[in-house]
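K.L.:
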Amino acid sequence: MSTTLSLDTPIESCPKQWHFRMKLNLGIKLFRRLVINSSVLLVAEILGLFLVYEASAISLNIIFGHSLEFSWFYLSVLIWAIGSIAWGLLPGWGLSAFESLRRQVILCIGTFLIIALLDFDTGGRLAAALSCMMAIPLIPACRIIAKNLLVSREIWGTPVAIYGGGSAGREIIKRFKADPGKGYHPICVFDDNPELANTSIEGVPVCGNTNSIAKNVPIAILAITQIRGQRIGEMMQQSLSSYLRVIMIPNLIHSPSLWVTSRDMCGVPGLELKNNLLDPSLRIVKSCFEATVATLTLPFWGSLYSLLYAMIWFDDRKNPIYKQKRIGQRGEVFETWKFRTMVPDADKVLQQHLDSNPELKEEWEANCKLKNDPRITRVGKFLRKTSLDEIPQLVNILKGEMSLIGPRPLPDYHYVQLPESVRMLRERVKPGITGLWQVSGRSDAGNEGMVRWDPYYVRNWSLWLDIVILVRTVRVVLSGRGAR
């Protein structure tokens with residue numbers, strides 16, 4: 000992000016006392032940014048509520064001749080605004096997409112449940128239920144549009160200072176830069192390593208040691224994993240005491256992060272980490288959710304399947320279905336079904352090109368993929384760009400070999416390139432038609448993307464995460480971003 004996000008951030012040595020007037024000035028500047036971001040989001044959400052009431056009125060009048068009284072709109076706006084503020088949705092800096100969606104859905108249900116309880120008319124309660132069903136996708140969509148507008152104008156979020164330029168600090172900076180929607184924008188780094196002085200880390204300048212402060216920056220992130228408790232106490236009383244909020248990154252970079260709960264262990268802070276996929280009841284919830292989605296969308300996918308099958312057949316009069324052995328749950332081998340996107344005898348064609356082109360061979364060995372693959376047919380380019388070639392994998396779901404959402408199934412030659420720890424985590428779940436890796440850069444991320452996102456999905460799985468992945472999948476398919 001541009002440094003225009005900073006709030007006039009001079010760097011100076013930490014004073015012995017942080018004056019009240021300076022802290023007050025910081026609070027005023029942060030409050031302005033907070034008001035702008037929150038107001039834009041709230042207006043978008045109110046617009047979403049308005050559209051919900053209008054759509055509900057039209058549809059219910061057509062079907063039942065009854066709609067939700069528009070007077071309830073003002074009460075729902077009040078409930079929504081109070082709930083959003085109380086639950087940290089306004090502005091929601093730092094919330095993951097999954098947690099933000101979870102809170103919005105629960106708030107939608109709560110808002111219209113209150114309306115239904117206050118409306119004693121049966122028709123009114125039916126209208127409230129229908130309005131809730133409309134609000135669950137519509138309000139988050141309005142919020143996403145407003146948030147993207149703020150991000151594009153570089154007025155979303157807040158600047159943060161990073162304490163620690165080591166591996167943890169570097170990783171945090173990379174992740175914040177890759178996800179500007181998070182709302183945390185690193186503008187300076189502090190580290191005690193003299194070799195890092197006057198350098199930069201992932202484009203963020205190192206501006207001093209850990210006794211320095213960034214004025215007019217409200218949040219500091221302590222990302223030094225190898226640090227004594229006594230030193231943390233000293234920093235909390237000195238440099239870190241200058242910030243409104245301090246976030247400490249423990250030495251748990253590769254641990255579950257979405258479902259972590261703080262616990263008081265007899266006066267000592269502790270973290271409880273949940274592994275949802277080990278819970279049999281939650282596995283059943285995942286299976287039921289995917290079966291419901293697949294069943295409800297079957298008429299659409301069935302028609303599309305028939306159309307694409309015919310297109311491939313008329314292109315070269317060859318079998319449109321291609322089967323390939325892949326590694327699945329528990330390391331078992333199964334055959335994936337896909338629409339054929341390559342010419343017949345594709346393996347021979349590939350080998351001929353690799354033997355005659357060293358640069359192509361190097362690219363293949365690095366990612367097991369080619370950006371300009373000579374084997375792909377005309378129809379195949381379209382299918383791959385939109386990921387529609389994977390529709391036949393619904394057959395694998397019916398056979399119990401795959402899930403709708405999960406890590407991408409890989410052939411053996413690609414699978415063995417992944418680290419053993421990643422392979423062990425992937426084998427805990429069924430592979431999926433879509434997954435977090437595919438919607439987080441897809442093939443552009445290469446093996447590095449799988450090493451990062453596949454373990455993240457397994458460790459942090461929840462129904463909310465699956466819903467977000469489905470929404471992102473639709474967006475990625477429609478845009479063609481990251482196509483293979």
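Residue numbers (numbering that gives the first Met the number 0): 0 to 483. Glycine included, C-beta positions come from ideal geometry on N, C-alpha and C. Note that the structure is a prediction, hence the values are computed from the model and not measured.
1. When the Cα atoms are used, what is the spatial distance from E447 to F189?
2. Would you mind stating whether I311 and V394 have Cβ atoms separated by less than 7 Å?
3. At what residue ranges does the stretch 406-468 contain a whole run of the alpha helix (DSSP H), taking only runs of 4 or more?
4. My understanding is that I171 touches I231, with C-beta atoms under 8 Å, so please give their C-beta distance in whole angstroms.
5. With distances taken between CB atoms, is the gap from M341 to R383 smaller than 7 Å?
6. Can you pull the DSSP bridge partners for T157?
7. Please state the DSSP three-state secondary structure of V470.
8. Please name the residue or residues paired with M247 in a DSSP beta bridge.
9. Use the C-beta contact count for L48: other C-beta atoms within 10 angstroms, 16 or more gives buried, fewer gives exposed.
10. Taking contact to mean at least 3 C-beta pairs separated by less than 8 Å, is the stretch 285-292 in contact with the stretch 462-470?
11. R325 and P408 - do their beta-carbons sit closer together than 7 Å?
12. Quick check: the Cα distance between E53 and L129, rounded to an integer number of angstroms?
13. Looking at chain D, is there any beta carbon in it that lies within less than 7 Å of the beta carbon of D453?
14. I'd like to know if the stretch 85-101 and the stretch 31-40 are in contact, where contact means that at least 3 CB-CB pairs between them fall below 8 Å.
15. Would you call R31 buried or exposed, if buried means 16 or more other Cβ atoms sit within 10 Å of its Cβ?
16. To the nearest angstrom, how far is it from the Cα of I212 to the Cα of S95?
17. If we call anything under 7 Å between Cβ atoms a contact, is K322 one with E331?
18. Taking the alpha carbon of T294 as the point to measure from, which residue in N371, N215, P319 and I396 has its own alpha carbon closest?
19. What is the residue span of the beta strand (DSSP E) that A196 lies within?
20. Kindly indicate which three-state DSSP category P204 falls into: helix, strand or coil?
21. Taking 8 Å as the threshold, find out whether the stretch 416-424 comes into contact with the stretch 447-456 through three or more Cβ pairs.
22. Write down the C-beta distance between I404 and T385 rounded to the nearest angstrom, noting that I regard them as a contact closer than 8 Å.
23. Going by beta-carbon coordinates alone, are I218 and V159 separated by less than 7 Å?
24. According to DSSP, which residues form a beta bridge with Q323?
25. Roughly how far, in whole angstroms, is the beta-carbon of C141 from the beta-carbon of L29, given that I think they are within contact range, below 8 Å?
26. Going by beta carbon distance, what residues of the same chain come within less than 7 Å of I78, once the five residues before and after it are set aside?
27. If you follow the beta strand (DSSP E) that I404 is in, where does it begin and where does it stop?
28. I need the DSSP call for Y308, collapsed to helix, strand or coil.
29. For F175, which residues in the same chain have their Cβ closer than 8 Å to its Cβ, ignoring the five residues on either side in sequence?
30. Might you give, ordered along the chain, the residues of its own chain that have their beta carbon closer than 8 Å to the beta carbon of F313, omitting 5 neighbours on each side?
31. Identify every residue that forms a DSSP beta bridge with I375.
32. For the alpha helix (DSSP H) holding G109, just list the boundary residues, first then last.
33. For C107 and P357, I'd like the C-alpha separation in whole angstroms.
34. Taking DSSP's pairing of strands, which residues face F189 in a bridge?
35. Let's see if you can read the secondary structure: which residues bound the alpha helix (DSSP H) around N275?
36. Hey, out of L117, S241, G93 and I35, whose CA is closest to L74's CA?
P.N.:
According to the structure shown:
1. Roughly 28 Å between the two C-alpha positions.
2. Between I311 and V394, the CB-CB gap reaches or exceeds 7 Å.
3. The qualifying runs are 411-414, 419-425 and 445-459.
4. For a cut-off of 8 Å, the C-beta gap from I171 to I231 is around 17 Å, too long to register as a contact.
5. No, these two residues do not count as a Cβ contact at 7 Å.
6. For T157, the pairing in a beta bridge is given by DSSP as Y183.
7. Of the three classes helix, strand and coil, the one that applies to V470 here is helix, per DSSP.
8. Per the DSSP secondary-structure output, M247 pairs in a beta bridge with L221.
9. It is buried - the Cβ of L48 has at least 16 other Cβ atoms within 10 Å.
10. By the C-beta criterion, the stretch 285-292 is judged to be in contact with the stretch 462-470, since at least 3 inter-stretch pairs fall below 8 Å.
11. The criterion of a C-beta distance shorter than 7 Å is satisfied by P408 and R325.
12. Inter-residue distance for E53 and L129 is about 12 Å (C-alpha atoms, whole angstroms).
13. No chain D is present in this structure, which holds just one protein chain.
14. Result yes; three or more Cβ-Cβ pairs closer than 8 Å.
15. By the 10 Å Cβ count, R31 comes out exposed.
16. Rounded to the nearest angstrom, the two C-alpha atoms are 27 Å apart.
17. For K322 and E331, no; Cβs fall outside 7 Å.
18. With distances taken between Cα atoms, T294 lies closest to I396.
19. Taken as a continuous stretch (DSSP letters only), A196 belongs to no beta strand (DSSP E), as it is neither H nor E.
20. DSSP, read as helix, strand or coil, puts P204 in strand.
21. By the Cβ rule, the stretch 416-424 counts as touching the stretch 447-456, because three or more pairs are nearer than 8 Å.
22. That belief does not hold up - the Cβ atoms of I404 and T385 are roughly 18 Å apart, past 8 Å.
23. With respect to V159, I218 sits close: the two C-beta atoms are nearer than 7 Å.
24. Under DSSP, Q323 forms a beta bridge with T335.
25. Cβ atoms of C141 and L29 stay farther apart than 8 Å, at about 25 Å.
26. Only residues of its own chain outside the window of five on either side were considered, and among them T110 and I113 have a CB closer than 7 Å to the CB of I78, listed in chain order.
27. Here the beta strand (DSSP E) through I404 covers S402 to I404.
28. Looking at Y308 - three-state DSSP - the assignment turns out to be helix.
29. These residues qualify, in order along the chain: V159, K181, Y183, H184 and P185.
30. The answer is none, since no qualifying residue turns up.
31. Residue pairing for I375: DSSP places it in a beta bridge opposite M341.
32. Run containing G109: A96 to L117, per the alpha helix (DSSP H) assignment.
33. Straight-line Cα distance between these residues: approximately 57 Å.
34. For F189, which the question treats as bridged, DSSP gives the partners Y162 and G207.
35. No alpha helix (DSSP H) contains N275, which DSSP labels as neither H nor E.
36. Residue nearest to L74 within the set L117, S241, G93 and I35 is L117 (criterion: CA-CA distance).
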